[in-house]
Amino acid sequence: MTVSFKTRSAIEKCLSSLALAMAASVLLWTAAAAYDRVGEASWYGSRYQGKSTASGEAFDMNALTAAHRRLPFGTMVQVTNLANKRSLVVRINDRGPYKRGRIIDLSRRGADLLGFEHMGVAKVRVKVLRSQQSIQNALRYSRNSDPIRLRPPKR
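Just so we're aligned: the sequence shown equals residues -11 to 143 in the working numbering.
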């Protein structure tokens, strides 16, 4: 079987794009696995209730979710308020925060459980939880009183 130059070129382009996409996703997950930062957190709530998030699911201000600029959707992170040592586990489902100097935007419920809803912002530590075991350990010592959805709701 003989393959024309055009077909071979198209196949090579497709494979090259696929390899590049796979390499980028591996790099993104590797960077996410090592993520452990201290910075300022804020929260968002009723103005965005029911509106579509960057991941496509509807925003629920009472769910334990958060927005982050680069972490992949579905990533579970432990957020600790450094002022009062309260901690909880949230799932990344949106992009943000858009204000300079902030590292994460929590849902209203997350800010409430961490004790900074009335202040608006807090200094926090954000750590990616890599395995099911680390998620379970973090939940054991967190303020999560509500069950957390590991996957977005089905539409």
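For each residue, glycine too, the CB sits at the ideal point set by N, CA and C.
Bounding residues of the beta strand (DSSP E) (the contiguous stretch that carries residue i)
| i | result |
| --- | --- |
| D82 | S75 to D82 |
| A29 | D24 to Y32 |
| R90 | R90 to S95 |
Coarse secondary structure for residue i, derived from DSSP in three states
| i | result |
| --- | --- |
| K39 | coil |
| A51 | coil |
| N69 | strand |
| L102 | helix |
| K115 | strand |
For residue i, the nearest candidate out of the options (CA to CA)
| i | options | result |
| --- | --- | --- |
| N50 | L101, I123, V67 and M107 | L101 |
| N72 | K39, S119, G103 and I80 | G103 |
| P60 | L117, R128 and D48 | L117 |
| N125 | Y32, V65, A55 and V26 | V65 |
Sheet register partners of residue i (DSSP bridge)
| i | result |
| --- | --- |
| A46 | S40 |
Residue interval of the alpha helix (DSSP H) (run including residue i)
| i | result |
| --- | --- |
| L127 | Q120 to R128 |
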